[in-house]
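Participant: Before I ask anything, let me first share the structure, which is written out below as structure tokens.
2 protein chains.
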Amino acid sequence: MTVVPGSRRASISDVAKRAHVAVGTVSNVLNRPEVVAPATRERVRAAIDDLSFVPNGTARRLRVGTITTVGALLLDIANPFFTEVARGIEDRLALDDHTLMLASTDDDPERESRYVRLFEEHGVVGLLVVATTPDVTHLLAAMARGMRVVLMDSASPTPAIASVSVDDEAGGAMAAGHLLSLGHDRLTFLNGPHAVRQCRDRSAGVRRAVAAAGLDPDIALREVELPTLNAAGGDAAIRHLLDGVDGAPPSAVMCVNDLVAIGVQRALRHTGGADFLHRIALVGYDDIDVASELATPLTSVRRPKHELGYRAADLLLAGGDAGVVPEQVVFQPELVVRESSLAAG
Amino acid sequence: MTVVPGSRRASISDVAKRAHVAVGTVSNVLNRPEVVAPATRERVRAAIDDLSFVPNGTARRLRVGTITTVGALLLDIANPFFTEVARGIEDRLALDDHTLMLASTDDDPERESRYVRLFEEHGVVGLLVVATTPDVTHLLAAMARGMRVVLMDSASPTPAIASVSVDDEAGGAMAAGHLLSLGHDRLTFLNGPHAVRQCRDRSAGVRRAVAAAGLDPDIALREVELPTLNAAGGDAAIRHLLDGVDGAPPSAVMCVNDLVAIGVQRALRHTGGADFLHRIALVGYDDIDVASELATPLTSVRRPKHELGYRAADLLLAGGDAGVVPEQVVFQPELVVRESSLAAG
DNA sequence: CTGAAAGCGCTAACAT
DNA sequence: ATGTTAGCGCTTTCAG
Chain A
156 MTVVPGSRRA SISDVAKRAH VAVGTVSNVL NRPEVVAPAT RERVRAAIDD
206 LSFVPNGTAR RLRVGTITTV GALLLDIANP FFTEVARGIE DRLALDDHTL
256 MLASTDDDPE RESRYVRLFE EHGVVGLLVV ATTPDVTHLL AAMARGMRVV
306 LMDSASPTPA IASVSVDDEA GGAMAAGHLL SLGHDRLTFL NGPHAVRQCR
356 DRSAGVRRAV AAAGLDPDIA LREVELPTLN AAGGDAAIRH LLDGVDGAPP
406 SAVMCVNDLV AIGVQRALRH TGGADFLHRI ALVGYDDIDV ASELATPLTS
456 VRRPKHELGY RAADLLLAGG DAGVVPEQVV FQPELVVRES SLAAG
Chain B
156 MTVVPGSRRA SISDVAKRAH VAVGTVSNVL NRPEVVAPAT RERVRAAIDD
206 LSFVPNGTAR RLRVGTITTV GALLLDIANP FFTEVARGIE DRLALDDHTL
256 MLASTDDDPE RESRYVRLFE EHGVVGLLVV ATTPDVTHLL AAMARGMRVV
306 LMDSASPTPA IASVSVDDEA GGAMAAGHLL SLGHDRLTFL NGPHAVRQCR
356 DRSAGVRRAV AAAGLDPDIA LREVELPTLN AAGGDAAIRH LLDGVDGAPP
406 SAVMCVNDLV AIGVQRALRH TGGADFLHRI ALVGYDDIDV ASELATPLTS
456 VRRPKHELGY RAADLLLAGG DAGVVPEQVV FQPELVVRES SLAAG
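These protein sequences, in sequence, are chains A and B. Heads up, the first sequence is in this note's numbering, so the first residue is 156 and it goes up one at a time. Heads up, the second sequence is in this note's numbering, so the first residue is 156 and it goes up one at a time.
Okay, structure coming up:
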């Protein structure tokens, strides 16, 4: 390895010179080695090693126009849900030797637009995005320029864009149905704001399940809208309910996500002792990794996170031929029953 | 927006034609708008909008050679520790409008090499890598070609490569020191394999603290090497110890990470009831997000995860002038005391 | 202030 | 089997 520090990277013509061949020949040993004679092939390979030559992908891309980079826009890469989605994307891309560009929008439409633009300039072949708003005109514009786009986590607001999502209404119905089948006839749902589509859908599912059980949702269901969807929110909400100012304390509680449920568990443990914990049936949502590892393992509605990302990347890479109707994939969630919901009564 | 579907992306010369100017002028309104007359500038801008023109970053990069992409290689993006590191990287890059390429190596040196190569061909300006092995020759080779490299999470095996890491020996000493200061004179350490540097360092720290307390490590410390560093591993290990076949049951337990500690909590809750849980002091490591939200909030040694990524990206972007000695940053961990270690005795 | 033209590193078509 | 060369889309001199 002959490297002169400070000198610029070796180019294909440096290699050609050193091997006493033409640049085209070097390009050939790189891309179609079988067409070049073994002797020269070896000579070129030696020169490549000597110069520690790494092909300039930028030049190659400019020339052939084929791109192997995909951009993904998640709300927050540090959120365990999206983290697993990201891993799914990555695993699918690796199959085709594509690389992943990643950014968090923090649910800010401006950041989303900025990154769409940035990624587009970077020449990604397509965009996988968890949209921050139902207004997707900037994405449609990008598609008009040849960009492929697949939405993740929520159904597409337009049939023109492919999407991969999870049936949250079914998820809500599952959680409620489970509790109802255990004999509970009063449900409490710690939900997020209805402005968020996922929350709205889950609420609809819950109401559907309650009605299907022959109960009146207005009586059998108490829905609380949490300001913050984390453990602190769940903790505070359940304490408030246990105070009984709002009617009888709950016997069955559904949460909009696992973190809220973990907060509920914490509050129960601290206020009522182990007692309450075994008297209140608790169901989370998402089934994040720790859910199964908790002291009281959490019953949860699992969303296929890895699969979600994997499939979205798959649609992007495989599909997208002009004229084909963009696919709308909806995954079904799955109820994972654990100890937390099996209250003694 | 006049877009003919199926037609190729508008190029700068399309814009030039439409605005009746030369390509150089278009380039100027893009990059130095002040040098072009307001009238033509507007004309060009109109053409750009008309054609929905987005500059081809690939061509630009080839021409100017300046790159705004950074590659990061983590062991596993789905691991909450790396996830927060990634977020730190992202936040720093956003400051300079750089984009992040991300991949998980799964601790496989082959994957690491493959991605280093892939990223290099993609023309990233530098690499942030959590190394899978102490053999960094491929990284040194990349540096010889002008690539910037910063190692993360473990100190650099060579002064030629910058690194950002956390003092794990101090972390181990902190955990042990805390338990010793609470009056425990028998410590159990559920550690990972000593082949892993981080585990070795933590063990050294623990032994140092034990010795500093005037105790004989060979007597006061029982170290168990876990096969799997997850909740199941912690669960199984503590159950084994509680059986007493290996001597008296422990009163103070340190874990190599929080997940193991969560497994211990679970096992304690299930075997001995709430009793054990309040009798055994427990300390985790990393301070992942849920640690504070658990039913029994977990005392843990916090590693500055976000800061780690942020600083590594900072070194990459800011530093790296030829001739300057690569910086070796070592962060100090921090003990976060919560309920789990405050056993009643 | 604007136009013309060279060239970044590479590939592919065409010659030899 | 190997050499030659045009050109991918852009920036940047250099002339006008």
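Quick reminder that beta carbons are idealized off the backbone N, C-alpha and C, glycines included. Quantities reported herein were computed from a predicted structural model and do not represent experimental measurements.
Between which two residues does the beta strand (DSSP E) holding residue 454 of chain A run?
Facilitator: 454 to 457
Participant: Closer than 7 angstroms, Cβ to any Cβ of chain A: which residues of the segment 290 to 313 of chain B, in chain order?
Facilitator: For the segment 290 to 313 of chain B, which is checked against every Cβ of chain A, the residues closer than 7 angstroms are 296, 299, 300, 301.
Participant: With a threshold of 6 angstroms on Cβ separation, who are the neighbours of residue 379 of chain A within its own chain once the five nearest residues in sequence on each side are excluded?
Facilitator: Excluding residues within five positions, the ones whose Cβ falls inside 6 angstroms are 345, 392.
Participant: If you run the structure through DSSP and keep just helix, strand and coil, what is residue 311 of chain A?
Facilitator: coil
Participant: Roughly how many angstroms lie between the CA atoms of residue 397 of chain A and residue 414 of chain A, to the nearest whole one?
Facilitator: 19 angstroms
Participant: With 9 angstroms as the limit, tell me which residues of the segment 254 to 265 of chain B have their beta carbon closer than that to any beta carbon of chain A; keep them in chain order.
Facilitator: 254, 255, 256, 257, 258, 259
Participant: Look at the alpha carbon of residue 337 of chain A and the alpha carbon of residue 497 of chain A, and state the distance between them as a whole number of angstroms.
Facilitator: 8 angstroms
Participant: Using the three-state DSSP reduction, which class does residue 267 of chain A fall into: helix, strand or coil?
Facilitator: In the structure shown, residue 267 of chain A sits in a helix (DSSP, three-state: H, G or I).
Participant: Is there at least one Cβ from chain A nearer than 8 angstroms to residue 474 of chain B's Cβ?
Facilitator: no
Participant: Identify whether residue 254 of chain B lies in helix, strand or coil by the three-state DSSP scheme.
Facilitator: Residue 254 of chain B falls in the strand class under three-state DSSP.
Participant: At least one CB of chain A closer than 8 angstroms to the CB of residue 486 of chain B: is that the case?
Facilitator: Closer than 8 angstroms: no.
Participant: I want to verify the contact list: residues of chain B whose CB lies under 8 angstroms from the CB of residue 210 of chain A, in sequence order.
Facilitator: 276
Participant: How about residue 453 of chain B and residue 253 of chain B: are their beta carbons less than 8 angstroms apart?
Facilitator: no
Participant: May I ask you to report which of helix, strand or coil DSSP gives residue 474 of chain B?
Facilitator: In the structure shown, residue 474 of chain B adopts coil according to DSSP, grouped into three states.
Participant: So does the segment 480 to 494 of chain A actually touch the segment 455 to 471 of chain A, counting three or more Cβ pairs closer than 8 angstroms?
Facilitator: yes
Participant: Beta carbon of residue 467 of chain B, beta carbon of residue 298 of chain B: below 8 angstroms?
Facilitator: no
Participant: Grab me the residues of residue 361 of chain B's own chain with a C-beta within less than 6 angstroms of its C-beta, minus the 5 sequence neighbours each way, in chain order.
Facilitator: 327, 331, 344
Participant: Along the segment 431 to 450 of chain A, where does the CB come closer than 9 angstroms to a CB of chain B? Name the residues.
Facilitator: 432, 443, 444, 445, 447, 448, 449, 450
Participant: Just the Cα atoms here: how many angstroms apart are residue 223 of chain A and residue 474 of chain A?
Facilitator: 15 angstroms
Participant: Excluding five sequence neighbours on each side, which residues of the same chain lie with their C-beta closer than 7 angstroms to the C-beta of residue 302 of chain A?
Facilitator: 275, 281, 282
Participant: Assign residue 402 of chain B to buried or exposed, taking buried as 16 or more other Cβ atoms, counted over all protein chains shown, within 10 Å of its Cβ.
Facilitator: Around the Cβ of residue 402 of chain B, a 10 Å sphere holds fewer than 16 other Cβ atoms; the residue is exposed.
Participant: For residue 239 of chain B, go through chain A and note every residue whose CB falls closer than 8 angstroms to its CB, in chain order.
Facilitator: 233
Participant: With a cut-off of 8 angstroms on the beta carbons, I'd call residue 436 of chain A and residue 406 of chain A a contact; round off their distance for me.
Facilitator: Rounded, the Cβ-Cβ distance is 7 angstroms, consistent with contact.
Participant: Return no unless some Cβ of chain A is closer than 8 angstroms to the Cβ of residue 386 of chain B.
Facilitator: yes
Participant: Note down the Cα distance separating residue 169 of chain B from residue 184 of chain B, rounded to an integer number of angstroms.
Facilitator: 15 angstroms
Participant: Could you give the distance in angstroms between the alpha-carbon of residue 371 of chain B and the alpha-carbon of residue 342 of chain B?
Facilitator: Spanning the two alpha carbons is a distance of roughly 11 angstroms.
Participant: Quick one: list the residues of chain A neighbouring residue 117 of chain B, beta-carbon separation under 8 angstroms, in chain order.
Facilitator: Here chain B covers residues 156 to 500 and nothing more, so residue 117 of chain B does not appear.
Participant: Give me the chain B residues within the contact set of residue 217 of chain A, using Cβ-Cβ distance strictly less than 7 angstroms, ordered along the chain.
Facilitator: 213, 214, 217
Participant: Measure the alpha-carbon distance for residue 319 of chain A versus residue 377 of chain B and round it to whole angstroms.
Facilitator: 50 angstroms
Participant: Beta-carbon of residue 464 of chain B versus every beta-carbon of chain A: anything under 8 angstroms?
Facilitator: No, its Cβ sits nowhere closer than 8 angstroms to a Cβ of chain A.
Participant: Looking at chain B, is there any beta carbon in it that lies within less than 8 angstroms of the beta carbon of residue 347 of chain A?
Facilitator: no
Participant: Taking residue 273 of chain A as the query, report the chain B residues whose CB atoms sit under 8 angstroms from its CB, ordered along the chain.
Facilitator: 252, 254
Participant: Taking the alpha-carbon positions, what's the residue 349 of chain B to residue 164 of chain A distance?
Facilitator: One alpha carbon belongs to residue 349 of chain B, the other to residue 164 of chain A, and they sit about 40 angstroms apart.
Participant: Just tell me which of B:300, B:249, B:266, B:277 has its CA closest to the CA of residue 286 of chain B.
Facilitator: B:266
Participant: How about residue 267 of chain A: is its C-beta nearer than 8 angstroms to some C-beta of chain B?
Facilitator: no
Participant: Let me know the secondary structure DSSP gives residue 199 of chain B once reduced to three states.
Facilitator: helix
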